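These notes are about the structure you will find just below.
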Amino acid sequence: MRYFDHVATNPLLPEVLDAMMPYFKEQFGNPLSPYDLGIAAKMAIDDARQRVAELINAKAGEIAFTSSGAEANNFALKGVALAKQQSGNHIITSKAEHHSILNTARSLEKLGFVVTYIPVDKEGLVDPKDVEKAITKDTTIISCAHASSEVGTIEPIKEIAAIAKAHKVTFHVDSVAAVGAIPVDVAELGVDLLSMAAHQFYGPKGAGALYIRGGQRIVPLIYGGIQENGRRAGTENVPAIVGMGKAAELAKRDLTSRMEHVRKLRDKIIDGIGRVENVHLTGHPQNRLPGHASFVVEYIEGEGMLLMLQAQEIVAASGSACTSKALKASPVLTAMGVPSSMAHGSIVFSLGIANTEEDVDALIEELPKIIRRLREISPFGKGGWGKLEPEVEH
Amino acid sequence: MYSKKLMDHFTNPRNVGEIPDADGVGMEGNPTCGDAMKLFIKVENDKIVDAKFQTFGCGAAIAVSSMITEMAKGKTLAEALSITKESVADALDGLPPQKMHCSNLGADALRKAIEDYRSKHSGVAGEAGGNSCYCGA
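Residue numbers (our numbering), protein chains in the order written: chain B, 1 to 394; chain F, 1 to 137.
Laid out in structure tokens, this is it:
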């Protein structure tokens, strides 16, 4: 199988699994237990915390483990909004966020918070000036994606962070798609909170983390024991956390070579697929994740492409409504002003370290044939969209 | 998530294309919704002798289109009008529940094609107006 869906998840690296195995078996202790078995588990978690911290240039005490990137996003937004509600009830985020930010923001609106959703331009970029204009005396937190898993665009995080700092507003970054894919340095970026997920950099599912800058006020999502320094109760998922630590260590060590590897393949896909007629690259042409190539293909629908690719043992993703359980077009593409008729033709290829030149050659060989076949079936194309001109959804 | 039979009709769709001198044409859905189907019929002695389709949509929408053209061929207009969304879905060994509304356009497109044929041949306009798009777009 040729796997081009690394934004969905990554396979576990063998070294990561090896590091995890003892904690499924003989090292099964509870990290809170005072005897050797517990102490060994506690030490393993502390070691993982150190490695995750090193990956993003943070201090170990600033890392709180969670069950996922989504939990980290929920924790950041809710935790800070609730912790600071005495000083204000206004939240700023963008229209092109992951559901774990958008739906958390909506849940906070129901609790009485006010949320401003900043638009993005047609390449998916947030304009830091728009963020600054949206800040009011009641703004307590700004949350922005670091990079979009759907269109690959990398946001101007440093600029937004400087604005947030100048206005003394907490700044959270959803870096789930970025950590392990590009260099992420919290000190250099100047962010207060940052979400990540282990399975996005060849670690296990079930482990995520939130970087919480020292001194940042936040209330927990989950109350109970003193795990994670009282910031996240519940007996730790020790094997997954150990796996995240190992994956972070390898990501730090291999980041440059991983980036070079996928960038070369990505550029080949953008060149090869981008030249097919009425196929458009989505996201920013330069400021994009090195392993990310995304397109909208006019006159056909994404799910059909995925099914036909799968018949050729090629696996990819689509932001089309039909491929989502919610049957709604991707909010990111909609926010970028892509007409929903065209958003249905979304297709996303995300590369990983195991992808080869042959994988990409096969894709560039097969996809244009599939597009042609589906366009033969489609009523659109020969005369454009005919009288059914696509409308921009608002 | 799709049945074998559905995948067969998606991978090898029957009756793809246009009938340039069609006796009736039915259009259902729209590209904003994500599914749009155009169905062409040829009628002789009150019987559908040929049917072809063009569809923009997901795997289910294409398979439904292929199946409805197969089901319609050889039927009298009255028989063809009794084909329902459910009978098309059953003929494909079922559709995932979330695809029942959005992608199951065949029966409606066929009804519109027959009404188009009848209006052309009786001079009375059919009632097949509007657009039953359920996706909320």
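Every residue gets a Cβ at the ideal spot worked out from N, C-alpha and C, and that includes glycine.
It should be emphasised that the depicted structure is a prediction, and the values quoted were computed from it without experimental measurement.
Count the other CB atoms within 10 Å of the CB of residue i; is the residue buried (16 or more) or exposed (fewer)?
| i | result |
| --- | --- |
| residue 238 of chain B | buried |
| residue 24 of chain B | exposed |
| residue 337 of chain B | exposed |
| residue 49 of chain F | exposed |
| residue 267 of chain B | exposed |
| residue 20 of chain F | exposed |
| residue 256 of chain B | exposed |
| residue 90 of chain F | exposed |
| residue 166 of chain B | exposed |
| residue 149 of chain B | buried |
| residue 389 of chain B | In this prediction, residue 389 of chain B scores a pLDDT of 46, lower than 50, which makes its location untrustworthy; the coordinate-derived value is nonetheless stated afterwards. Exposed, by the Cβ-count rule. |
| residue 286 of chain B | exposed |
| residue 231 of chain B | buried |
| residue 35 of chain B | exposed |
| residue 33 of chain B | exposed |
| residue 1 of chain F | exposed |
| residue 20 of chain B | buried |
| residue 168 of chain B | exposed |
| residue 198 of chain B | buried |
| residue 84 of chain F | exposed |
| residue 22 of chain F | buried |
| residue 99 of chain B | exposed |
Could you say which of the options lies nearest to residue i if we only look at CA atoms?
| i | options | result |
| --- | --- | --- |
| residue 73 of chain B | B:143, B:7, B:303 | B:143 |
| residue 95 of chain F | F:110, F:49, F:122, F:62 | F:62 |
| residue 345 of chain B | F:6, F:57, F:5 | F:57 |
| residue 17 of chain F | F:11, F:8, F:5, F:54 | F:54 |
| residue 137 of chain B | B:94, B:6, B:164, B:158 | B:164 |
| residue 368 of chain B | B:382, B:305, B:245, B:339 | B:305 |
| residue 395 of chain B | B:253, B:128, B:196 | Here chain B covers residues 1 to 394 and nothing more, so residue 395 of chain B does not appear. |
| residue 57 of chain B | B:349, B:347, B:183 | B:183 |
| residue 347 of chain B | B:315, B:2, B:208 | B:315 |
| residue 109 of chain F | F:24, F:9, F:15 | F:24 |
| residue 157 of chain B | B:129, B:46, B:282 | B:129 |
| residue 365 of chain B | B:313, B:202, B:100 | B:313 |
| residue 11 of chain F | B:278, B:376, B:104 | B:376 |
| residue 289 of chain B | B:190, B:343, B:180 | B:180 |
| residue 154 of chain F | F:15, F:82, F:93, F:103 | The structure shown does not extend to residue 154 of chain F, since chain F is modelled only from 1 through 137, so no value can be given for it. |
| residue 14 of chain B | B:202, B:265, B:294 | B:202 |
| residue 122 of chain F | F:101, F:104, F:103, F:46 | F:46 |
| residue 396 of chain B | B:103, B:248, B:339, B:21 | The structure shown does not extend to residue 396 of chain B, since chain B spans only 1 to 394, so no value can be given for it. |
| residue 112 of chain F | F:28, F:68, F:98 | F:28 |
| residue 276 of chain B | B:295, B:261, B:263, B:284 | B:295 |
| residue 18 of chain B | B:67, B:293, B:242 | B:242 |
| residue 234 of chain B | B:88, B:46, B:67, B:108 | B:67 |
| residue 30 of chain B | B:281, B:226, B:382 | B:226 |
| residue 384 of chain B | B:278, B:224, B:302 | B:278 |
Are the beta-carbon atoms of residue i and residue j separated by less than 8 Å?
| i | j | result |
| --- | --- | --- |
| residue 66 of chain F | residue 31 of chain F | no |
| residue 126 of chain B | residue 160 of chain B | yes |
| residue 172 of chain B | residue 77 of chain B | yes |
| residue 51 of chain F | residue 72 of chain F | yes |
| residue 228 of chain B | residue 65 of chain B | yes |
| residue 154 of chain B | residue 92 of chain B | no |
| residue 259 of chain B | residue 204 of chain B | no |
| residue 240 of chain B | residue 209 of chain B | no |
| residue 146 of chain B | residue 174 of chain B | yes |
| residue 16 of chain B | residue 252 of chain B | no |
| residue 71 of chain B | residue 211 of chain B | no |
| residue 116 of chain F | residue 3 of chain F | no |
| residue 297 of chain B | residue 371 of chain B | yes |
| residue 124 of chain B | residue 151 of chain B | yes |
| residue 341 of chain B | residue 334 of chain B | no |
| residue 70 of chain F | residue 15 of chain F | yes |
| residue 101 of chain B | residue 236 of chain B | no |
| residue 380 of chain B | residue 4 of chain B | no |
| residue 281 of chain B | residue 2 of chain B | no |
Answer yes or no: the CB of residue i versus the heavy atoms of the ligand FMN, is any distance below 7 Å?
| i | result |
| --- | --- |
| residue 60 of chain B | This structure does not include the ligand FMN; it has no bound ligands of any sort. |
List the whole-angstrom C-beta distance separating residue i from residue j, where the pair is believed to meet the contact cut-off of C-beta under 8 Å.
| i | j | result |
| --- | --- | --- |
| residue 332 of chain B | residue 96 of chain B | 4 Å |
| residue 374 of chain B | residue 273 of chain B | Rounded, the Cβ-Cβ distance is 14 Å, inconsistent with contact. |
| residue 59 of chain F | residue 88 of chain F | Residue 59 of chain F to residue 88 of chain F, Cβ: 14 Å. No contact. |
| residue 360 of chain B | residue 265 of chain B | 5 Å |
| residue 400 of chain B | residue 291 of chain B | Any property of residue 400 of chain B remains undetermined from this structure, which presents chain B solely from 1 to 394. |
task = Please determine if the region 72-83 of chain F and the region 38-47 of chain F are in contact, where contact requires at least 3 C-beta pairs separated by less than 8 Å.
result = yes
task = Decide if the region 137-151 of chain B is in contact with the region 37-49 of chain B; the criterion is three or more beta carbon pairs, one per stretch, under 8 Å apart.
result = With the cut-off at 8 Å, the region 137-151 of chain B and the region 37-49 of chain B do not touch.
task = Flag this pair as touching only if the region 298-309 of chain B and the region 353-360 of chain B have three or more C-beta atom pairs under 8 Å; answer yes or no.
result = no
task = Flag this pair as touching only if the region 208-226 of chain B and the region 81-88 of chain B have three or more C-beta atom pairs under 8 Å; answer yes or no.
result = yes
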